[in-house]
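Comments concern the structure below.
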Amino acid sequence: MFDKPFALEVITPERTVLSTQAVGVSAPGVEGGFQVLFHHAPLLSALEIGRVTVRSADGTEQVYATSGGFLEVRDNKVLLLLETAERLQDIDAQRAEAARDRAQQRLAHRTPDLDIVRAEASLHRALNRLRAVRKS
Ligand code: ATP
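Structural data, given as structure tokens:
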């Protein structure tokens with residue numbers, strides 16, 4: 144029963160990242176990571192910055208580095224609305240390192256007009272991308 148496919152969509156403000164059938168998806172919920180399988184109860188969960196893994200019926204897995212967003216489950220349809228989502232092979236590690244360094248510099252040499260929350264979020268996204276690439 145749990146290998147039955149369900150409809151999955153992953154959408155960012157820029158594009159539809161994925162519109163497919165999957166047999167499993169794991170996501171970084173704000174209250175902890177969780178997995179969705181066929182016949183999951185209706186759910187709406189906020190997601191943290193982290194990694195989303197999509198499992199297909201043929202057993203293959205695709206991992207995405209993701210920024211925050213929401214996951215909804217209803218009637219065997221799973222919708223992820225995410226700020227950003229990159230497949231690991233599409234992550235530009237140099238760009239993420241540059242973003243990390245910029246954010247660290249800003250936080251180390253704080254000016255009165257620094258938006259600390261923004262700089263911390265940028266650092267978190269960059270470290271997540273780098274961690275995701277290194278784990279792949
Ligand atoms: P940067 O300062 O490098 O733009 P950022 O964290 O501010 O990083 P985001 O606002 O999270 O960038 O993302 C903007 C767009 O760029 C999104 O489409 C995201 O998927 C893509 N993106 C950001 N960083 C990378 C990266 N290192 N590799 C591949 N795509 C990236």
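According to my numbering, the sequence shown is numbered sequentially starting from 144.
For every residue, glycine included, the Cβ atom is placed at its ideal position computed from N, Cα and C.
Measuring straight from C-alpha to C-alpha, what distance separates residue i and residue j?
i: Leu266; j: Arg243; result: 5 Å
i: Val195; j: Val160; result: 12 Å
i: Lys147; j: Leu257; result: 49 Å
i: Arg238; j: Ser188; result: 30 Å
i: Leu222; j: Arg230; result: 17 Å
i: Arg249; j: Leu214; result: 32 Å
i: Ser210; j: Phe177; result: 16 Å
i: Val179; j: Gln247; result: 35 Å
Where do the ends of the beta strand (DSSP E) carrying residue i lie?
i: Glu229; result: Ala228 to Arg230
The alpha helix (DSSP H) spanning residue i covers which residue range?
i: Arg363; result: This structure does not reach residue 363, given that the chain is present from 144 up to 279, and the question cannot be answered.
Using 8 Å as the cut-off, classify the Cβ of residue i as near or not near the heavy atoms of the ligand ATP, replying yes or no.
i: Glu191; result: no
i: Asp146; result: no
i: Glu263; result: no
Quick one: complete beta strand (DSSP E) runs, 3+ long, within the segment 145 to 222? 149 to 154, 159 to 165, 167 to 172, 175 to 179, 186 to 190, 193 to 198, 204 to 209 and 212 to 217
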